[in-house]
Amino acid sequence: MTVKEFSDRDDIESLLFKRKLIFSSDELQKVLKNNNYFNFFNGFESLLLYQRSPKLFKGETLSDFIRLNNFDKELSKEILSLTKTIEGKLKNSIAYHFSWKYCKTIPKTMEYTNKQNFLDPKDVLNYPFRDAQNWKICNDFDEFYLFKANYSKKLMRDNDHITFSIYSHNNRALIPFWVAIETLEFGVVIRLLHYLDREVMQAVMKDFNLPISDRFTFLNMIDLIKELRNHCAHGSLACRFRSPKKTHLDRTLIHRFKLEPKYHNQGNNFSPSVISLFDTLKVINYFTDTKKVYKIIQKVIYQNNRYFKGKYDLNERLLSRMGETQLKKWKDVLK
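In terms of the working numbering, the sequence shown is residues 5 to 339.
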């Protein structure tokens, strides 16, 4: 994609008129004021263009763009809700099982800041993806957020609900892990997962109906959930999601969920990475109910069948972008 000069709203209207998109000027100007042009038009024009070079529409309307954008916003909102549910369960499980082992008494409340209670990945032979997404996790163990000096002071300074008057004992700040963990960003929680010792990790994984032998598969599943969450949280179109090339995939995970990754040359071998929204939702469906996602997709399919007047199959283009052209397979996965 080439860098383009700035275009004002009138320039954009003129361009879309030349490309024969059907719209009213008032409605278009309203759309341009309320939406990012790149996401709203560029994000969907590959689905709606009748001819790609030069770019031309033939019967497509502004309403088609509005409908697809509304669909994506609804889809993104639901995905964020699902990932928040998973994140909440994960935090609760970690805090409970770690506290059960290390923080049972008041004097031991802050043992979650003691690095001696955690596993250092550098001590694990052939730790997976050490040169990929787990590089920082493996190499910056000593710099982990919870191990920093004055962690308690920073926690109270940055969070109004965590005060010394409430969380102290014998003039010492004591903040329970189940309180502190709620302030952690998802990426920090993932690092924390990597650092859990075998006994605590086994208990956490049992809450998700997985054996400890699947430790690295489980961690890779959480990697994918984080990538999709971040993609949607940053305002990118959910329907265009592809997991990043830097996030390599565990082969057990690929086999178990029948994922279809691309393979990228990494040194002397080809590493699987980059999967579609469809494949990523297979992983999310393991953790939580995704029926509402299917209903959102089903709704836009029916709407397109009713309102779209183009000469091609818009639904096939949309489903293909998301990773699977057959609606029945979406239903089977997201049931």
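From the three backbone atoms N, C-alpha and C, an ideal C-beta is built for every residue, glycine too. Predicted model only: the values in this text are computed from it and were never measured.
- Taken atom to atom, the span from the alpha-carbon of Lys37 to that of Arg161 is near 39 angstroms.
- Looking at the DSSP output, Ala177 sits in a beta bridge with Ser172.
- By the neighbour-count criterion, in which 16 or more other beta carbons inside 10 Å mark a residue as buried, Ala184 falls on the buried side.
- In the three-state DSSP reduction, Ile300 falls in the helix class (H, G or I).
- Under the 10 Å beta carbon count, Ile110 is surrounded by fewer than 16 other beta carbons and is classified as exposed.
- When the Cα atoms are used, Leu94 and Met209 turn out to be separated by approximately 9 angstroms.
- Here Pro180 is near Thr113, since their CB atoms are less than 7 angstroms apart.
- Within the same chain, Arg246, Met326, Gly327 come within 7 angstroms of Ser280 by CB-CB distance, once the 5 residues on both sides are set aside.
- A residue is called buried when at least 16 other Cβ atoms come within 10 angstroms of its Cβ; Ser80 meets this threshold and is buried.
- Counting along the chain, the unbroken alpha helix (DSSP H) around Asp211 starts and ends at 202–211.
- Ranking Phe220, Glu189, Glu186, Val193 by CA distance to the CA of Arg202 puts Phe220 first.
- Cβ contact annotation for Tyr149 (same chain, cutoff 6 angstroms, sequence separation greater than five): Val192, in chain order.
- For Gln137, the secondary structure class from DSSP, reduced to helix, strand or coil, is coil.
- With a threshold of 16 other beta carbon atoms within 10 Å, Trp334 meets it and is buried.
- The beta carbons of Gly314 and Gly92 sit about 42 angstroms from each other, so the pair does not count as a contact at 8 angstroms.
- Phe274 counts as exposed, since fewer than 16 other C-beta atoms from the protein chains shown sit within 10 angstroms of its C-beta.
- Out of Gly239, Ile301, Ile98, Glu189, the CA that lies nearest to the CA of Leu72 is found in Ile301.
- If you look at Gly239, you'll find it isn't in any alpha helix (DSSP H); DSSP assigns it neither H nor E.
- Met160: member of the alpha helix (DSSP H) spanning 155–162, first to last residue.
- Ranked by Cα distance from Asn43, the options Phe75, Arg23, Leu60, Arg56 are led by Phe75.
- Taking C-alpha positions only, Ser50 is separated from Lys59 by approximately 10 angstroms.
- Each of Ser28, Thr256, Leu20, Leu257 was checked against the Cα of Asn46, and the nearest Cα belongs to Leu20.
- Between Ile226 and Leu86, the C-beta spacing is not below 7 angstroms.
- When the alpha-carbon of Pro276 is set against those of Ile141, Asp144, Arg255, the nearest one is in Arg255.
- 7 angstroms or more divides the Cβ of Asn121 from the Cβ of Tyr100.
- Between Thr284 and Leu228, the CB-CB gap stays under 7 angstroms.
- Secondary structure note for Tyr149: it is in no alpha helix (DSSP H), with a DSSP letter that is neither H nor E.
- For Leu60, the pairing in a beta bridge is given by DSSP as Gln55.
- Secondary structure of Lys335 (DSSP, three-state): helix.
- In the three-state reduction of the DSSP assignment, Tyr131 falls in the coil class.
- With a beta-carbon spacing of about 6 angstroms, Val297 and Glu82 fall inside the 8 angstroms limit used to define contacts.
- Taking C-beta separations shorter than 7 angstroms and ignoring five residues to either side along the sequence, the partners of Leu241 in its chain run Asn43, Gly47, Asp76, following chain order.
- In its chain, beyond the 5 residues on either side, Thr221, Asn224, Met225, Leu263, Val287 have a beta carbon closer than 8 angstroms to the beta carbon of Leu257.
- At least 7 angstroms separates the beta-carbon of Leu331 from that of Thr294.
- Shown here, Arg246 sits in a strand according to DSSP, grouped into three states.
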